[in-house]
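Peer 1:
Number of protein chains: 6
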Amino acid sequence: MHPFLYRKFGFMGSQEDYRSADFVLFGVPMDFTVSFQPGSRFGPQAIRAVSEGLEEYSFYQQRSLTDVRFFDGGDVDLPFGNTVSSMKRIEAVAKEICADGKIPIAMGGEHLVSLPLIKAAAAKYPELAVFHFDAHADLRDEYLGEELSHATVMRQVAGLIGPNKLYQFGIRSGTEEEYAYGSQNTHFFVDELLKPLQQVVENWDDTPVYVSIDIDVVDPAFAPGTGTPEPGGCTSKEILQAMLMLTRLPIVAMDLVEVLPAQDSSQRTSLLAAKLIREALVGITPLKKAFDK
Amino acid sequence: MHPFLYRKFGFMGSQEDYRSADFVLFGVPMDFTVSFQPGSRFGPQAIRAVSEGLEEYSFYQQRSLTDVRFFDGGDVDLPFGNTVSSMKRIEAVAKEICADGKIPIAMGGEHLVSLPLIKAAAAKYPELAVFHFDAHADLRDEYLGEELSHATVMRQVAGLIGPNKLYQFGIRSGTEEEYAYGSQNTHFFVDELLKPLQQVVENWDDTPVYVSIDIDVVDPAFAPGTGTPEPGGCTSKEILQAMLMLTRLPIVAMDLVEVLPAQDSSQRTSLLAAKLIREALVGITPLKKAFDK
Amino acid sequence: MHPFLYRKFGFMGSQEDYRSADFVLFGVPMDFTVSFQPGSRFGPQAIRAVSEGLEEYSFYQQRSLTDVRFFDGGDVDLPFGNTVSSMKRIEAVAKEICADGKIPIAMGGEHLVSLPLIKAAAAKYPELAVFHFDAHADLRDEYLGEELSHATVMRQVAGLIGPNKLYQFGIRSGTEEEYAYGSQNTHFFVDELLKPLQQVVENWDDTPVYVSIDIDVVDPAFAPGTGTPEPGGCTSKEILQAMLMLTRLPIVAMDLVEVLPAQDSSQRTSLLAAKLIREALVGITPLKKAFDK
Amino acid sequence: MHPFLYRKFGFMGSQEDYRSADFVLFGVPMDFTVSFQPGSRFGPQAIRAVSEGLEEYSFYQQRSLTDVRFFDGGDVDLPFGNTVSSMKRIEAVAKEICADGKIPIAMGGEHLVSLPLIKAAAAKYPELAVFHFDAHADLRDEYLGEELSHATVMRQVAGLIGPNKLYQFGIRSGTEEEYAYGSQNTHFFVDELLKPLQQVVENWDDTPVYVSIDIDVVDPAFAPGTGTPEPGGCTSKEILQAMLMLTRLPIVAMDLVEVLPAQDSSQRTSLLAAKLIREALVGITPLKKAFDK
Amino acid sequence: MHPFLYRKFGFMGSQEDYRSADFVLFGVPMDFTVSFQPGSRFGPQAIRAVSEGLEEYSFYQQRSLTDVRFFDGGDVDLPFGNTVSSMKRIEAVAKEICADGKIPIAMGGEHLVSLPLIKAAAAKYPELAVFHFDAHADLRDEYLGEELSHATVMRQVAGLIGPNKLYQFGIRSGTEEEYAYGSQNTHFFVDELLKPLQQVVENWDDTPVYVSIDIDVVDPAFAPGTGTPEPGGCTSKEILQAMLMLTRLPIVAMDLVEVLPAQDSSQRTSLLAAKLIREALVGITPLKKAFDK
Amino acid sequence: MHPFLYRKFGFMGSQEDYRSADFVLFGVPMDFTVSFQPGSRFGPQAIRAVSEGLEEYSFYQQRSLTDVRFFDGGDVDLPFGNTVSSMKRIEAVAKEICADGKIPIAMGGEHLVSLPLIKAAAAKYPELAVFHFDAHADLRDEYLGEELSHATVMRQVAGLIGPNKLYQFGIRSGTEEEYAYGSQNTHFFVDELLKPLQQVVENWDDTPVYVSIDIDVVDPAFAPGTGTPEPGGCTSKEILQAMLMLTRLPIVAMDLVEVLPAQDSSQRTSLLAAKLIREALVGITPLKKAFDK
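Residue numbers (our numbering), protein chains in the order written: chain R, 2 to 294; chain A, 2 to 294; chain E, 2 to 294; chain G, 2 to 294; chain Y, 2 to 294; chain L, 2 to 294.
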């Protein structure tokens, strides 16, 4: 093949080797339980496509992706319309990555994909705490008769890890029951983000942390490409600052979900997602990896 | 309430009374088994919204909707993400309408919704034949491991009514297996529409007919708002002519599916769908209804 | 009609009964005097359509729409292109609602519709004060030779209720004459919103208040769907905070105008409007209603 | 001013001089009586803007705009919202152009603008016949209580010149009353265009002709940018052929209306309009002009 | 890496091996000499992305991509803004592919990329004829002072292979000089496509053929995503039929250019391009390849 | 020509006379070296088109464009694809304007156009300092092998005027090398704008200043219409405040670049650009002009 030809794949700066990677990025193109606008299944490929418009170097952290060992593993192959089987596949992928001592970073897809990802992480790190950034509480008991739904995912997580291990930031929408449950059971920060996050981060011990970012925590002015936009959210600067704060925590897994390219005029939601992932990759401390030493 | 206020609902010209209606129009906002672009769940409301931009009178048939007794029954209430339960609900709704001696006209939603609709019609009319207009054969045995899918729906229908009762027009895409199955088992008109339709219609006896129109049978130039557009289809004039031909058949039920408003620049797909429904309503001969005589 | 079918109309959570309602929401689809981009006639239906994407419960006020008695009365039926006759019809509708002891909440449509609405309110409440949120002063004497125009509406209002009863917030655009008139005659807060509003609200007596929100007071980043966008406005958080402050006033009527769906990429302008209306409905104190006691 | 700077205005190839022109092109940015989607006021500037993407030479007629003496006179200055006064201004402009022995070519704007234009032409040419291309009959007696409306314009024209002088092509939508009136009174070609046009053209005497093209006569696949799109129309090739046929007639004035840029994805409607105007300009025979001889 | 993960690259069905391939597909993301709308540099990635929405099997030819040995080589790495250096790189890539006995199929990018591609092919096949499908003649001597431009490319080609070896179909736009040159020198089929193509194909000897398709030969209704759309073109059915005819010729290289995703509402232009490439791949007879025998 | 006709050109309020103007506005429609999304060539005409939606009077400065003598000189006529020749033409135009004692204000086009503009200004004002507002450092040595590129422009400027005369505000993206170069050589304010600007302005002497604003310094929520959007920027309010601060400096020339209309949903980027230019025109102190005294 002629040297002038190049065949590129994946998130900018991804290396070609799974084994030596500290981070494994992958897409989870599932969106079939959403109640409003579907289409987040195209989120991962949109984030990859725009990532080439960004620099590998972070001015905020003065570090470069070229110094990070990460691998873009592609997407999880999902049977469309089959929720249970999809969840099992997602969990299996995440489990292997955790077992290999790497940090999985998943790109959604709808928010329900966080459940199998958190299950996989909690299996390896039983003390796991979850940091949840979202416009919506996602704390329903059931939704339209279904227990597994993007609207119930954090209630399921609370059942799994204990509600006192769940930190919810930026929440500004939900039912009366969700408000009551959150206020009484989780760390529930309504319509607030940076201030409570700073406090929590400053007092954190070494409990392993899972970070789940629903991009709709950001105001639709900055992140219009999402399925259930909710006016009144934070700015792109604030979520970037939040990401920088988070990198000081012992993060063991992460997801960024609900990017919906079909509504993403000027692609700024995908770009913001790609930039948050870049900051996560250059900022999060890799785990010690037994097998490559 | 002040007489200057008006509260409108439904497809243009819908009467307010189910009981005396000859036709019952309803939406089936299901799209969760699609493999490419979801969003056809918003099809029914888009078709209703644009219908007010059309006239009630048909220049083609010189008849008016005001002389037709039809009722817009709203949408089937579906549990998002639960395919099996959704299919049961759709079938129940259609069964009741058929039992009441009325003609159901369903607006999709994805093509899988045709299966419960045809089941309901076939239960009442055991000799039922199905006229299928589509870019895709939809004749797969299974799709991504699932038997119930928009890509398998006509194979399921063939199993239900017998492949020799299935007439497929305008088909221009599918797998090698679908091509083989269709060629050998169904009335399979590849990349042709008006000519074979005319022949079939002219020789038809009084076997009851179900009409299923996937809007992607039309070229994406005329119907861009659909989930799996396939260049090379018929024009809007041709599908209108097809609809006029069809009204000469003893139609007992009908669906029009796969309208996807998110891709429907200038709303012309919804408008075409609304116009096809208007022509169906003014053209199809109502059934004899025992209970209102 | 089968119980699985539902036929919905109107703003989320609207009850079906005018008589017992404390609030009457209605649309005013008029946009024919605008000088730049028309299309706000489709504002009311867009606001209703997106309202189902919001929750009925407000996290900000910890109250729910389900506890509010309001009725969506549909749209005022207007003769397109006839300004004078349209204005009379709007006034008649609003007068009846006021006479019935209810609070009218109107969705525009262009800003000129505020004039007949305010006339109706001032007829019932002679002491009426008007709170006007807008990017534009709307204080022209005449516009292109016409006295009745979206650009003259607040000058007409000032003539009607007296300029010292007119409070204008967030204004950042107008002619030299409008600037001079506003500075000398009305309560004129240039490029400021929350700070002066707080002061005014805190010192308010029980004078009845009419609230008129032109959505373009918000920056086009947060509210792109409007006819004459003016960069440099407030955020969605700020207008939500303003709405919460306003609910402490004795509001007797309200409008929210100039939502233009054709420019509303990601529908966030309609969503913001719907959310502001929800906060108004759950927050404003209903009037005492003689006839249902 | 530096010679590298250029300041361009108007339709491609327009000369800078009114006096010596055989054709005067001008815009009529009026859209305030439309009942569905307004915005055609921006039509003229969109047609001008895209015209530079076309060639001045016509391959169809093997003639060039550079050999035609035409002047782009800009737009008629209209008082927004005032229909009567706007109509008077449009008529005055067209009258002067006709009086000067030139051919006016107007770009709409809504279809109602044809009425004052035809009045002006009929004043000069009492025998005037009108060739009307449209999806809609526009033959209503009144519309929403108004006699002056885009939906009544051709009925008014019929009253003015006599219905037997009105030729209507491509009509495919209207009320029952319009159908009846057209069938009995005008030359009414339902859903047909090229064939009847050819017959009429071939048998034409030297009666002066006014051509009015509503761009929605073309199918929305080819002309999506219009306010009331009606599926089932002609192709862009067919309307171009129609224009070429028309150039054989003694045309004394022309309009092309209802281009709506806000819905004109890929600008192909404006481009088609610009191309039709180019063909008209290079093909229509100029009038004898006393004053420049 | 977990087996549930898949990392896909390139046009659907591409094999992973250059050496054994009969066809090499590659992108040429160059668009910097265009005079109207740039952005076709994103054409190749858009065509690849939508290709997964198509089937590998062709109903038209009853053959499948799975039986074709082709390799997607990625894109030519180009120095943006440097025309001369870019052309050299494109030529080098194509030369190697030709030298290896394979058929290059290039995806543009702007039309100027055809020049180095044809140079490469003509170097190997001195008798080369070129079949050019386009709305524009592209026969200018120079354009804005430049000899190398998308508007001059076929004049350059004529100079290279001789104008009598150049066949131009569907041409409907150009200058008077281009019309004159084409009429007198090349096989110049104005506004015609299928009919002359059929005649030429039926009488063809075994002269090697290069096919260059500018997607704007198709009407913008069917192919809106292109930089200089020209209303009045062929349909998607017609260009598909043309492609099927072409496969009967001894094609040695091909390009498909000017797909501009930014204007490609509903992605139907990319889909049509992908479908044309699929038909080319399954239909064109591979060359004898010495080195793998 | 009839007095009801008006032919408008250029930015709102432009006078018709170059000679007496203090400011000369002109467009530079060049975009052929950009690496990501081209199309900013259409920026100048978009800014002009939307300018009529703004008022001539500035509420911020309480001054009006009607009191400013400025001339819109149209666009520089550029040979597309020829970078070197284009740069020479731009420089020639700017040189003449400077020589005439006027202040040039250029609308881009891509950022590379600043280089010839600054060359022209530095030739007249050898002490020239440059204030650069941008998301990107634009300090590369070379880019894809080219020295002349939008990514190298400020490095070239630093070479021209000396890096210590270069002030860079709001920069938040670049390579490691750019970060190092900027930190060590220029006045380099990373991710900061108003605060450092205020300090610099307050301490400024009478050194002549060139202002270069890349619109992407603003967050894509407020300015989506640009080629390389970078989330995390300033608001429209902040850039307006910056412009007001800048007017206190002795500005001798200015540019505003990288407005890309194709991505400018709701046209708010063009509107913001037009508003910034209005504030510049009403606020900047004109130079003493020998020749008109």
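We treat Cβ as the ideally placed atom computed from N, Cα and C, and that holds for glycine.
None of these values were measured; they are calculated from a predicted model.
#1: Could you have a look at A:Ser213 and say whether DSSP puts it in helix, strand or coil?
#2: Can you give, in chain order, each stretch of the beta strand (DSSP E) that sits fully within the region 50-102 of chain Y and has at least 3 residues?
#3: Would Y:Tyr180 and G:Phe60 be called neighbours here (beta carbons separated by less than 8 Å)?
#4: How is A:Phe292 classed by DSSP in three states: helix, strand or coil?
#5: For the alpha helix (DSSP H) that R:Gln169 lies in, which residues bound it at each end?
#6: Between the C-alpha atoms of E:Leu245 and E:Pro232, what's the straight-line distance to the nearest angstrom?
#7: Nearest by alpha-carbon distance to E:Ala107: which of E:Leu118, E:Gln157, E:Phe10, E:Pro197 is it?
#8: Taking 8 Å as the threshold (C-beta atoms), are L:Gly54 and L:Leu257 in contact?
#9: Return the chain-ordered list of same chain residues with a C-beta closer than 6 Å to the C-beta of G:Gly284, the five sequence neighbours on each side being excluded.
#10: Give the interface partners of Y:Lys9 over in chain R, defined as CB-CB distance under 9 Å, in chain order.
#11: For the beta strand (DSSP E) containing E:Val258, list its first residue and its last residue.
#12: In chain A, what lies closer than 8 Å to E:Tyr19 by C-beta?
#13: How would you write the range of the beta strand (DSSP E) that Y:Gly28 sits in, first residue to last?
#14: Along chain E, in chain order, which residues have C-beta atoms closer than 8 Å to that of R:Ser174?
#15: For the beta strand (DSSP E) that contains G:Ile106, what are its first and last residues?
#16: Hey, quick one: how far does the beta strand (DSSP E) through L:Val283 stretch, first residue to last?
#17: Give a yes or no on whether the minimum CB-CB distance between G:Pro221 and chain A is below 8 Å.
#18: Under 7 Å Cβ-Cβ, which residues of chain E neighbour A:Phe27?
#19: For a contact meaning CB atoms closer than 8 Å, what does L:Glu97 contact in chain G?
#20: Select from E:Ile240, E:Val69, E:Arg156 the residue whose C-alpha is nearest the C-alpha of E:Ser184.
#21: What residues in its chain sit with their C-beta under 8 Å from that of Y:Ile162, if we drop five residues either side in the sequence?
#22: Taking a contact to mean a Cβ-Cβ separation below 8 Å, would you say A:Ile48 touches A:Ala274 in this structure?
#23: Leaving out five residues before and five after G:Ser174 in sequence, what residues of the same chain have Cβ atoms less than 8 Å from its Cβ?
#24: Counting only the same chain and skipping the five closest in sequence on each side, list residues whose C-beta sits under 7 Å from that of Y:Leu250.
#25: Of all Cβ atoms in chain L, is any one closer than 8 Å to the Cβ of Y:Pro230?
#26: Answer yes or no: does any C-beta atom of chain Y fall closer than 8 Å to that of A:Glu177?
#27: Rounded to a whole number of angstroms, what is the C-alpha to C-alpha distance between R:Ala100 and R:Ser21?
#28: Closest by CA to R:Asn165, which one among R:Gly171, R:Asn186, R:Gln46, R:Thr153?
#29: In the DSSP output, what is G:Ala130 paired with across the bridge?
#30: Can you confirm whether Y:Gln46, when its beta carbon is compared against all beta carbons of chain A, has any partner nearer than 8 Å?
#31: Taking 8 Å as the CB-CB cut-off, is G:Gln38 touching chain Y?
#32: Sort G:Val114, G:Val253, G:Pro221, G:Lys289 by Cα distance to G:Pro127 and report the nearest one.
#33: Am I right that R:Pro39 and R:Gly228 are in contact with their C-beta atoms under 8 Å? What's the rounded C-beta distance?
#34: Go through its chain and collect everything with a Cβ distance to E:Val94's Cβ below 6 Å, but skip five positions before and after it.
#35: With which residues is R:Phe1 paired in a DSSP beta bridge?
Peer 2: In terms of the structure at hand:
#1: DSSP places A:Ser213 within a strand segment (E or B) once states are collapsed to three.
#2: Within the region 50-102 of chain Y, the runs of beta strand (DSSP E) at least 3 residues long that lie entirely inside it are, in chain order, 71-77.
#3: Taking the C-beta atoms as reference points, G:Phe60 is found nearer than 8 Å to Y:Tyr180.
#4: In this prediction, A:Phe292 has a pLDDT of 40, which is less than 50 and means its spatial position is unreliable; nothing more can be read from the coordinates.
#5: R:Gln169 -> not in any alpha helix (DSSP H); beta strand (DSSP E) instead, spanning 167-172.
#6: E:Leu245 and E:Pro232 have their alpha carbons spaced roughly 24 Å apart.
#7: Across the set E:Leu118, E:Gln157, E:Phe10, E:Pro197, the C-alpha of E:Leu118 shows the shortest separation from the C-alpha of E:Ala107.
#8: Going by C-beta atoms, L:Leu257 is not nearer than 8 Å to L:Gly54.
#9: The residues are Gln62, Thr248.
#10: Under the 9 Å cutoff, chain R gives Phe10, Gly75, Asp76.
#11: Unbroken beta strand (DSSP E) run through E:Val258: 252-258.
#12: Going along chain A in sequence order, the residues near E:Tyr19 (Cβ under 8 Å) are Met2.
#13: Per DSSP, the unbroken beta strand (DSSP E) holding Y:Gly28 starts and ends at 24-29.
#14: By Cβ distance, chain E contributes Leu55, Glu56, Phe60.
#15: In the DSSP assignment, G:Ile106 falls within the unbroken beta strand (DSSP E) covering 104-109.
#16: Unbroken run through L:Val283 is the alpha helix (DSSP H), 269-284; no beta strand (DSSP E).
#17: Under the 8 Å criterion on CB atoms, G:Pro221 is classed as interfacial with respect to chain A.
#18: What A:Phe27 touches in chain E: Leu6.
#19: For the C-beta of L:Glu97, the chain G residues within less than 8 Å are, from N- to C-terminus, His3.
#20: Among E:Ile240, E:Val69, E:Arg156, the Cα nearest to that of E:Ser184 is on E:Arg156.
#21: So the list reads Ile119, Ala123, Leu129, Ala130, Val131, once near-sequence residues are dropped.
#22: Yes; because the gap between Cβ atoms is below 8 Å, this pair is in contact.
#23: Here the set comprises Ala136, His137, Ala138, Glu231.
#24: These residues qualify, in order along the chain: Val202, Trp205, Val210.
#25: Judged by the 8 Å Cβ criterion, Y:Pro230 is not in contact with chain L.
#26: With 8 Å as the cut-off, A:Glu177 counts as an interface residue toward chain Y.
#27: Taking the Cα positions, R:Ala100 is about 14 Å away from R:Ser21.
#28: With distances taken between Cα atoms, R:Asn165 lies closest to R:Asn186.
#29: DSSP output for G:Ala130 lists G:Val210 as bridge partner(s).
#30: No, Y:Gln46 lies away from the interface with chain A (no Cβ there is under 8 Å from its Cβ).
#31: With 8 Å as the cut-off, G:Gln38 does not count as an interface residue toward chain Y.
#32: With distances taken between Cα atoms, G:Pro127 lies closest to G:Val253.
#33: Rounded, the Cβ-Cβ distance is 7 Å, consistent with contact.
#34: So the list reads Val77, once near-sequence residues are dropped.
#35: Summary: the structure shown does not reach residue 1 of chain R, with chain R confined to residues 2 through 294, and so no result is reported for it.
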